[in-house]
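*Asks:*
There are 2 protein chains.
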Amino acid sequence: MTPSVAIVEDDLALRAGLSRGLREEGFEVSLSVAGGTALLRGLKDLPPDVFVIDIGLPDVDGRDLCLALRARGVHAPVLLLTARGGITDRLSGFHSGADDYLPKPFHFEELVLRLRALVRRGGKAADPPSGLYLDLAAHEARNAGRGVGLTPTEFRLLAALLAHRGEVVRRHSLIAAAWPPGAIVHDNTLDAYVVRLRRKLDGIDQSSAITTVRGIGYSVG
Amino acid sequence: MTPSVAIVEDDLALRAGLSRGLREEGFEVSLSVAGGTALLRGLKDLPPDVFVIDIGLPDVDGRDLCLALRARGVHAPVLLLTARGGITDRLSGFHSGADDYLPKPFHFEELVLRLRALVRRGGKAADPPSGLYLDLAAHEARNAGRGVGLTPTEFRLLAALLAHRGEVVRRHSLIAAAWPPGAIVHDNTLDAYVVRLRRKLDGIDQSSAITTVRGIGYSVG
DNA sequence: GTTCACCTGAACGCAACCTGACTGCGTTTC
DNA sequence: GAAACGCAGTCAGGTTGCGTTCAGGTGAAC
């Protein structure tokens, strides 16, 4: 289960700590930036499953950033970090469309639990994705409504592909994403996993969900 | 539309205030009771859109009540009211399947905003209820109408699984939920308890109530 | 036609998990 | 106080299935 999270935090030390900690807790940190403009610039077609945004950013207020995301049609849940615990901040945070907030200083474990809760809720309530997507809670893929059980490695590999839906993902990127850092992965191993994924995902009538881009990598529609 | 809310609070004055206030804010207070048994007895076929439950009830702990709701297949979001602001309470609240909490004393406006946020995110689609649920009073499980006595640890473990019915619960989450915080739990201990639960729960004809998700954890249908 | 990248079925080692039996400890019963 | 009992945790051995590799086949590029 690899929910992806984007972090927007200007305190470099805190941001690094969050990235490392969340990775250890099984999140994929798909984006980690210091400010709002960087977030909006770096946001790919597929948004992360959840945002962590500091309310006190140097370039733009976290609440405004939240509004900007919503205006762009991004409906992934947002957790606001606020240094000031005052009620006013909390309320305006909710008014801006944020789904939760956490006053600093906070316990890291609590952040993780809140994020999991948001992913759990948000993932289900989000716009119904058509075709192929991952059910994080059930730890399986869903293709045309059909549930497909996946092993941990298969799951990470498909997640890496879906994180860049519509793009070609290079072979070494897939290996970096789906295998532990530093692991030595034979080239054929990746091939074998793609085959397994195809066999599990593909219906009878359907052409393959994963397309090969010879010499580069793979992509999903 | 008028979101409906159920209130479980033993403080009579607070409960009356909440009922009146939430009605003024456009909620329909479909149920307003003083304790957990009253809630479970009064729960109609159609559950409310959201629950507000005091953690310190006279007859049953709010977290256990939350577990009981989840175990009965009720997935409407739950907001726990807690007088104690300690981190332990917060965490165990989440482990019990609650979706949010609010430490007393709280601003009424904040409660309203949190409830609106919970309703907006909405409950998950009701999963097909299997005949498995927990009987808090008797401290036993019921499977297809058959009562099954459980030891305390077995009970907590099954409760943690049922709190996330239909989802895969990670091994370390189960350990965190079913054993005291900080306890060192051998990996095999969890395995052994799952075996015991299966043996107790599984009927003759039935396939196992608890399914293994290799490398991740377990889940119940 | 040759080469190279990728496909695919089969096989193997190992880690994860299952399971029955056992021990230790606290409580209850006589 | 001794015996009986139930619960929690541990151990050893068996089983399963995941991850990986190998060998051979297939098809695209040139």
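Chains as they are written, first to last, in this note's numbering: chain A, 1 to 221; chain B, 1001 to 1221.
We put the beta carbon where it would ideally sit given N, CA and C, even for glycine.
Consult DSSP for A:S19 and reduce its assignment to one of helix, strand or coil.
*Replies:* In this structure, A:S19 counts as helix in the three-state DSSP scheme.
*Asks:* I need the DSSP call for A:G217, collapsed to helix, strand or coil.
*Replies:* If DSSP states are grouped into helix, strand and coil, A:G217 belongs with the strands.
*Asks:* Which residue wins for smallest C-alpha separation from B:D1011, given the options B:V1005, B:S1004 and B:S1019?
*Replies:* The shortest Cα separation from B:D1011 among B:V1005, B:S1004 and B:S1019 belongs to B:S1019.
*Asks:* List the residues that DSSP assigns as beta-bridge partners of B:P1103.
*Replies:* Its beta-bridge partners are B:T1082.
*Asks:* Pull up the CB-CB distance for A:A137 and B:V1168, whole angstroms please, since I reckon it's below 8 Å.
*Replies:* So it is a contact: roughly 7 Å between Cβ atoms.
*Asks:* Going along the chain, which residues of its own chain have a beta-carbon closer than 6 Å to the beta-carbon of B:L1039, five neighbours each way excluded?
*Replies:* Correct list, in chain order: V1008 and V1033.
*Asks:* Kindly give me the distance between the Cβ atoms of A:L162 and A:L134, rounded to whole angstroms, as I take these residues to be in contact under 8 Å.
*Replies:* With 8 Å as the limit, A:L162 and A:L134 qualify as a contact, their Cβ atoms being about 6 Å apart.
*Asks:* Within 8 Å of any Cβ in chain B, is that where the Cβ of A:A76 sits?
*Replies:* No, A:A76 does not count as interfacial toward chain B.
*Asks:* Compute the Euclidean distance between the alpha carbons of A:G26 and B:P1152, then round it to the nearest angstrom.
*Replies:* So the two alpha carbons sit approximately 30 Å from each other.
*Asks:* Using a Cβ-Cβ cut-off of 8 Å, state whether A:P152 counts as contacting chain B.
*Replies:* At least one chain B Cβ lies under 8 Å of A:P152.
*Asks:* Just to check my reading of the structure: B:G1021 and B:F1108 have Cβ atoms closer than 8 Å, yes? What is that Cβ distance to the nearest angstrom?
*Replies:* Yes, they are in contact, since the Cβ atoms of B:G1021 and B:F1108 sit about 6 Å apart, within 8 Å.
*Asks:* Just the Cα atoms here: how many angstroms apart are A:L157 and A:H75?
*Replies:* Cα-Cα distance, rounded: 25 Å.
*Asks:* Quick one: what's got a C-beta closer than 6 Å to A:K200's C-beta in the same chain, skipping five residues either side?
*Replies:* Correct list, in chain order: V148.
*Asks:* Based on the DSSP output, what are the partners of B:F1155 in its beta bridges?
*Replies:* Bridge partners of B:F1155: none, in fact.
*Asks:* Is there at least one Cβ from chain B nearer than 8 Å to A:D49's Cβ?
*Replies:* No, A:D49 lies away from the interface with chain B (no Cβ there is under 8 Å from its Cβ).
*Asks:* Round the Cβ separation of B:D942 and B:L1118 to the nearest angstrom and send it over; I've been treating them as touching at under 8 Å.
*Replies:* Residue 942 of chain B lies beyond the stretch modelled for chain B, which goes from 1001 to 1221, so this question has no answer here.
*Asks:* Step through the CB atoms of chain B and report whether any lies within less than 8 Å of the CB of A:A183.
*Replies:* Answer no: the Cβ-Cβ gap between A:A183 and chain B never drops below 8 Å.
*Asks:* In this structure, does DSSP put A:T88 in helix, strand or coil?
*Replies:* With a pLDDT of 47 at A:T88, under the threshold of 50, the modelled position of this residue cannot be trusted; read the value that follows with caution. A:T88: helix per DSSP, three-state reduction.
*Asks:* Could you pull out every residue in the same chain whose Cβ sits closer than 8 Å to the Cβ of A:L115, ignoring the five residues on either side in sequence?
*Replies:* The answer, listed in chain order, is P3, V5, L22, F27, V50, V52 and L79.
*Asks:* Per the DSSP calculation, A:G149 is bridged to which residue(s)?
*Replies:* Partner(s): A:E140.
*Asks:* Quick one: is B:R1224 near chain A, going by C-beta distance under 8 Å?
*Replies:* Look at the range of chain B in this structure, 1001 to 1221, and you will see that residue 1224 of chain B is not part of it.
*Asks:* Give the single residue among A:I175, A:L65 and A:T82 whose Cα lies nearest to the Cα of A:P103.
*Replies:* Of the candidates A:I175, A:L65 and A:T82, the one whose C-alpha sits nearest the C-alpha of A:P103 is A:T82.
*Asks:* Can you tell me whether B:R1120 is buried or exposed? The criterion is at least 16 other CB atoms within 10 Å of its CB, across all chains shown.
*Replies:* Label assigned to B:R1120: exposed.
*Asks:* Please look up how many angstroms separate the CB atoms of A:P48 and A:L31, rounded, as I've assumed it's under 8 Å.
*Replies:* Confirmed, about 7 Å.
*Asks:* Buried or exposed, going by whether 16 or more other CB atoms sit within 10 Å of the CB of B:L1046?
*Replies:* Per the 10 Å Cβ criterion, exposed.
*Asks:* Taking only the alpha-carbon atoms, compute the straight-line gap between A:G56 and A:A68 and give it to the nearest angstrom.
*Replies:* Near 15 Å, if we compare the C-alpha coordinates of A:A68 and A:G56.
*Asks:* Kindly indicate if chain B contains any beta-carbon less than 8 Å away from that of A:A138.
*Replies:* It does; some Cβ of chain B falls within 8 Å.
*Asks:* Taking 8 Å as the CB-CB limit, is B:V1220 close to chain A?
*Replies:* Answer no: the Cβ-Cβ gap between B:V1220 and chain A never drops below 8 Å.
*Asks:* Cα separation between B:A1209 and B:D1191?
*Replies:* Roughly 15 Å between the two C-alpha positions.
*Asks:* How would you list, in chain order, the residues of chain A whose beta-carbon sits under 9 Å from the beta-carbon of B:I1216?
*Replies:* Ordered by position in chain A, the residues that pass the 9 Å Cβ test against B:I1216 are M1, H139, P152 and F155.
*Asks:* Which of the three DSSP states is assigned to B:V1195 in this structure?
*Replies:* Three-state result, B:V1195: helix.
*Asks:* Let me see if you follow: with CB-CB separation under 8 Å, is B:E1024 close to chain A or not?
*Replies:* So no, B:E1024 is outside the interface.
*Asks:* Just how far apart, CA to CA, sit A:I175 and A:T211?
*Replies:* Each residue's Cα considered, the two are about 17 Å apart.
*Asks:* Suppose the cutoff is 8 Å on Cβ atoms and the five residues either side in sequence are ignored; what does the same chain contact list for B:Y1218 look like?
*Replies:* L1161, V1168, V1169, R1171, L1174, V1194, I1210, T1211 and T1212, listed in sequence order.
*Asks:* So, is B:R1015 buried or exposed, given that buried needs 16 or more other C-beta atoms within 10 angstroms?
*Replies:* So B:R1015 counts as buried.
*Asks:* When you compare the CB of B:G1062 with every CB in chain A, is at least one pair closer than 8 Å?
*Replies:* B:G1062 does not count as touching chain A.
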